[in-house]
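Have a look at the structure below, then the notes.
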Amino acid sequence: MFSQFYGIPSRVAKRRIEEYLEIFGLKEDGNTKVSKLSTGMRQKMNIIRGIISDPEVLFLDEPTLGLDVQIARTVRSFIKSWMREKPGRTILLTTHYLHEAEELCDRIAIINNGRIVALDTPKGLKERMKNKVFYSVEVRTDSYDKLKEDIPFIYNVSINPLPDGKFELKFQMDNEEKISDLFLILKNRNILVSSFRKREPTLEDVFFEIVGDKDEEVHS
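Residue 76 in this note's numbering sits at position 76 of the sequence shown; the count goes up by one each step and never skips.
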């Protein structure tokens with residue numbers, strides 16, 4: 001139906017539909033009503049609907065929102081391959097996932113309160129942080145409640161779950177002499193440290209530096 005809206009010849013539309021259904025693993029569900037599809041399937045079907053006309057500019061609004069890890073990876077992989085095979089095309093992607101923006105985008109705009117507060121390549125954005133020091137600690141704990149409050153000398157903190165009950169604590173700290181205090185606090189909370197390292201800045205660090213802990217919106 002959507003291919004007819006765009007005036008695509010039926011033979012061309014049929015070939016494209018079959019190709020994209022195969023790529024997204026939807027070949028067996030091609031004739032299934034949309035209401036019967038899972039959230040992930042509907043999301044992939046929406047992308048197929050968007051690219052069926054082979055547009056010069058493609059708008060993708062949160063294409064992996066609510067998808068499981070495997071399906072999200074499939075979607076990102078397709079976006080990258082579609083861009084490689086379609087030189088001169090442009091994708092405008094809206095996402096709240098900073099790692100996704102870094103993986104997919106040539107240029108990134110960070111928007112806060114409806115205003116663009118930063119616009120550059122991923123590398124250019126991270127170079128803003130080249131004179132700052134960042135740390136990463138992998139810990140094993142049943143609970144990280146109030147962990148930020150218990151360590152007052154660290155800031156721009158993010159806590160990310162890892163496999164096997166571990167968590168990665170990312171942060172900045174101005175005084176390296178406080179490292180021993182950090183380990184003492186973790187020990188007193190019976191938190192086992194698996195690794196500790198200085199690390200390169202990420203887009204998440206750039207975001208925290210620019211807009212703090214507010215909800216982010218990232219466009220590319």
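Heads up, the beta-carbon is just placed ideally off N, CA and C, and yes, glycines get one too.
Exercise. Taking Cβ positions, are valine 193 and leucine 186 nearer each other than 8 Å?
Worked result: yes
For this session: Give the DSSP bridge partners of valine 137, in chain order.
Result: In the DSSP secondary-structure assignment, valine 137 is bridged to Leu169 and Phe196.
For this session: With a threshold of 16 other CB atoms inside 10 Å of the CB of aspartate 174, please say whether the residue is buried or exposed.
Result: exposed
Problem set entry | Per-residue DSSP class, three states only, for phenylalanine 59 | strand
For this session: Examine the Cβ distances between the region 94 to 112 and the region 55 to 74 and report whether three or more of them are shorter than 8 Å.
Result: Per the Cβ contact rule, the region 94 to 112 is in contact with the region 55 to 74 (3 or more Cβ pairs under 8 Å).
Exercise. What are the residues that DSSP puts in a beta bridge with leucine 93?
Worked result: Leu60
For this session: Decide if tyrosine 155 is buried, meaning its Cβ has at least 16 other Cβ atoms within 10 Å, or exposed.
Result: exposed
Exercise. Under the rule that 16 or more other beta-carbon atoms within 10 Å means buried, what is lysine 14, buried or exposed?
Worked result: exposed
Exercise. Skipping 5 residues on each side, what residues in its chain have a beta carbon closer than 7 Å to that of phenylalanine 59?
Worked result: Listed in chain order, the non-local C-beta contacts of phenylalanine 59 below 7 Å within the same chain comprise Leu92, local neighbours out to five positions each way being set aside.
Problem set entry | Own chain residues within Cβ distance below 6 Å of tyrosine 20, not counting five before or after | Contacts found: Ile48.
Exercise. How close, in whole Å, do the beta carbons of valine 139 and lysine 166 come, if the pair is a contact with beta carbons under 8 Å?
Worked result: About 7 Å separates the two Cβ atoms, so the contact holds.
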